[in-house]
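Okay, so here's the structure we're looking at.
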Amino acid sequence: ALAIVHAAIYDAVNSIDGSNTPYLISVPLGKDSSLDAAVAQAAHDTLVELYPSQSATFDAALSETLSRVTKVVPRLKGQLIGKIVAQVALNNRVNDGSDVNMTYTPGDQPGQHREDPLHPGQGFYAPLWGDCKPFGISNADEFQIAPPPALNSPEYAEAFNEVKSLGEKNSMARTAEQTIIGIYWAYDGTAGLGAPPRLYNQIAQVIAQQKKNTPVQNARMFALINIAMADAGICAWNDKYRYEFWRPVVAIREADPGTGPSGLGDGNPDTEGDVNWEPLGAPASNQSGTDFTPPFPAYASGHATFGAALFQTLRQFYGTDKIPFSFMSDEYNGVTTDQDGNVRPVVVRNYLTLSQAELENAVSRIYLGVHWRFDATSGVEQGRAIATRIFTTKLRPRK
24 ALAIVHAAIY DAVNSIDGSN TPYLISVPLG KDSSLDAAVA QAAHDTLVEL YPSQSATFDA
84 ALSETLSRVT KVVPRLKGQL IGKIVAQVAL NNRVNDGSDV NMTYTPGDQP GQHREDPLHP
144 GQGFYAPLWG DCKPFGISNA DEFQIAPPPA LNSPEYAEAF NEVKSLGEKN SMARTAEQTI
204 IGIYWAYDGT AGLGAPPRLY NQIAQVIAQQ KKNTPVQNAR MFALINIAMA DAGICAWNDK
264 YRYEFWRPVV AIREADPGTG PSGLGDGNPD TEGDVNWEPL GAPASNQSGT DFTPPFPAYA
324 SGHATFGAAL FQTLRQFYGT DKIPFSFMSD EYNGVTTDQD GNVRPVVVRN YLTLSQAELE
384 NAVSRIYLGV HWRFDATSGV EQGRAIATRI FTTKLRPRK
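In terms of the numbering used here, the numbers along the sequence shown are unbroken and rise by one, the last being 422.
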């Protein structure tokens, strides 16, 4: 949804400014067209279509913005541009595969994804998302990552022992800061937080304000970011259900012979199972219940892939990795509550470079006990590659 909205906003702005190549369409009604009206109308029309239950909120926001555009002809021209680009953006996604559902049957062999045993019946999220039509790349298979390490490999054993220690619910090895890091980056789709792309857009907003972006720069940057993240999600899910790799909570409980549906164990002499192991878990923020393991395969990490798409786009947009910034996560904003109803404190974290934040985001999932180290590594590689392709081929400055 964010990619559709920001692509429409970009084409609206670019129709008036003309500095860059269009994403889908340019509507040349003149530079006297109101930029504010065009942006507001494009955002409104896409959002109303995507989230019809919130149309009253979007209608009010549009009316407020248009009331500030006092010149009638520029306002009307801007609105027309916004309407046209929004419709083109929406038409472009008709039958894109995003609304296709399927029943997923998990395997019963070691290494294969199965439901979180602490949350039976959680189901399997978006097994066909990898077949969606991409936004900026031609094919998700082009960005396929290498398979995860073999269960009997030293690399797997190392990752197993790391997450078993650091990601355990009552771990004595995980530091207080690592616990904060795990929760700080979570945004696991709960009420008042949303999914990770919202977090990454919030970070982009902080940096855009810090860099004093112009409206034209913002339109291009946020379109690039959200197109890259949309394709990162498609590619990540393409590989998640390609490899169907198990999550730590299943792997650790079924590591030894005699456990799991097959009774085979993982076959690795350097791993030791624990049938009662529990992860710290993705936080059930702003709701009652227990923390959980996400309902889709582990490899690669969506957080790592989305985050790398963001930070690589920012690196290329600004031409440097050295962008210090501070950020307050909504997981720690003095309002959000944990699963027991306790309000979490305000936490502001400081970063010297984009890479520092990118790595912290990727490994945060290990501290929650829901991902492997190789999930993070491959996710970052995939997200960076997707962002680089989109930045170098889409929404390019005119020469």
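For each residue, glycine too, the CB sits at the ideal point set by N, CA and C.
- The three-state secondary structure of Phe319, taken from DSSP, is coil.
- At least 9 Å separates the beta-carbon of Thr313 from that of Val272.
- Residue pairing by DSSP places Met351 opposite Val371 in a beta bridge.
- Straight across, the Cα-Cα distance linking Pro284 with Val366 is about 40 Å.
- Counting only the Cα atoms, Val393 lies some 6 Å from Gly304.
- Ala112 places its beta carbon less than 9 Å from that of Val28.
- Taking a cut-off of 8 Å for Cβ pairs, the region 348-358 and the region 318-329 do not touch, as fewer than three such pairs fall below it.
- According to the DSSP assignment, Glu404 belongs to the alpha helix (DSSP H) that extends over 396-416.
- Cβ-Cβ separation between Phe397 and Glu178: approximately 7 Å, consistent with a contact (criterion under 8 Å).
- Per DSSP, reduced to three states, the secondary structure at Phe340 is helical.
- For a cut-off of 8 Å, the C-beta gap from Trp260 to Arg276 is around 25 Å, too long to register as a contact.
- Annotation for Leu89: Ala60, Ala63, Arg98 place their beta carbon closer than 7 Å to its own, counting only its chain and skipping 5 residues before and after.
- When the beta-carbon positions are compared, Gly205 and Tyr390 come within less than 9 Å of each other.
- A straight-line Cα-Cα distance of about 12 Å links Ser38 and Ala109.
- Excluding sequence positions up to five before and after Glu267, its CB lies within less than 6 Å of the CB of Gln135, His136, Pro320, all in the same chain and listed in chain order.
- Look at Gln167 here: in three-state DSSP terms it is coil, with no helix or strand label.
- Between the region 240-260 and the region 152-172 there are three or more inter-stretch CB-CB distances shorter than 8 Å, so the stretches are counted as touching.
- Around Arg221, the same chain offers Tyr210 as residues with beta carbons nearer than 7 Å, after the five sequence neighbours per side are excluded.
- In the three-state DSSP reduction, Thr213 falls in the strand class (E or B).
- Minimum Cα-Cα distance from Ala278 among the listed residues Phe414, Leu151, Asp262, Asp297 corresponds to Asp297.
- Taken through DSSP and simplified to helix, strand or coil, Thr126 comes out as coil.
- Using a 10 angstroms sphere on the CB of Pro302, the tally of other CB atoms reaches 16 or more, which defines it as buried.
- Asn118 sits in coil when the DSSP states are folded into three classes, being neither helix nor strand.
- The closest CA to that of Trp208, considering only Ala410, Arg407, Arg388, Met195, is found on Arg388.
- Taking C-beta separations shorter than 7 Å and ignoring five residues to either side along the sequence, the partners of Thr44 in its chain run Leu418, Arg419, Arg421, following chain order.
- Sorting Leu103, Thr93, Leu174 by C-alpha distance to the C-alpha of Ala65 places Leu103 at the top.
- Distances from the alpha-carbon of Ala218 to those of Asp40, Thr415, Ala24, Thr416 put Ala24 closest.
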